[in-house]
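Written below as structure tokens is the structure these notes are about.
In this note's numbering, the protein residues as written are 93 to 270.
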């Protein structure tokens, strides 16, 4: 299932890259294939499938009538923990849609900066959080949380023991946890 989420995210990024008139440095077929190496249960997907996907998307833009991120289950600003200390939090716009959590630099950003597939994910709160503003994503089976992010035009796969968020108010946290 992770392969499907990662490939879907990669295709969204390719579509945006290929059809954005402001992007002068388009992703090549070789770069697209390299970006998707190892996503097939640790193996490379068949090259002919990736080449066909690349050719189809570059030839014909995927367009959504109301936008892919319309009618989300939840959306709003949260801070995502990225390190330690006060500077270890990044304020991002989050959209929960179709069992995936996407993050954007701001609400008007056209492409997400990353995605967390929510399958097998548990949302927890910490009793040590006296202000009741944080919540954490962990896997139900104790494995690492899988995620993808876009960095310098490349789709990067990652994983983390947990992903921690900070809401502005307890009520906002409670809406995301519900």
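Virtual Cβ for every residue (Gly too), placed ideally from N, Cα, C.
Note that the structure is predicted; figures quoted are calculated from it, not measured.
Discussion item. So for residue 200, helix, strand or coil by DSSP?
Written reply: coil
Margin query: Classify residue 98: buried if its beta carbon has 16 or more other beta carbons within 10 angstroms, exposed otherwise.
Written below: buried
C-alpha gap between residue 172 and residue 148, whole angstroms:
35 angstroms
Self-check item: Bridge partners - residue 184, DSSP secondary structure assignment
Solution: 170
TODO: May I have the straight-line CA-CA distance separating residue 232 from residue 110, to the nearest angstrom?
DONE: 37 angstroms
Out of 196, 191, 206, 224, which one is the CA nearest neighbour of residue 213? 191
Using 7 angstroms as the cut-off, classify the Cβ of residue 124 as near or not near the heavy atoms of the ligand ADP, replying yes or no. As presented, the structure is devoid of all ligands, the ligand ADP included, so that no description of it is given.
Taking the alpha-carbon positions, what's the residue 207 to residue 141 distance? 23 angstroms
inquiry  = Taking its Cβ as the centre, do 16 or more other Cβ atoms sit within 10 Å of residue 238, making it buried, or is it exposed?
reply    = buried
task = Specify the secondary structure class of residue 208 as computed by DSSP and reduced to three states.
result = strand
**Request:** With DSSP as the reference, label residue 126 as helix, strand or coil.
**Result:** helix
Subject >> 8 angstroms CB neighbourhood of residue 223 in its chain, flanking five on each side removed >> reply: 262
#### Entry: Strand pairing of residue 194, partner residues [DSSP]
187, 207
- Item | Simplified DSSP assignment, three categories, for residue 152 | coil
### Task
Tell me whether residue 116 sits in a helix, a strand or coil according to DSSP, three-state version.
coil
Practice task
Would you check if there are 3 or more beta carbon pairs closer than 8 angstroms linking the region 215 to 230 to the region 113 to 131?
Solution key: no
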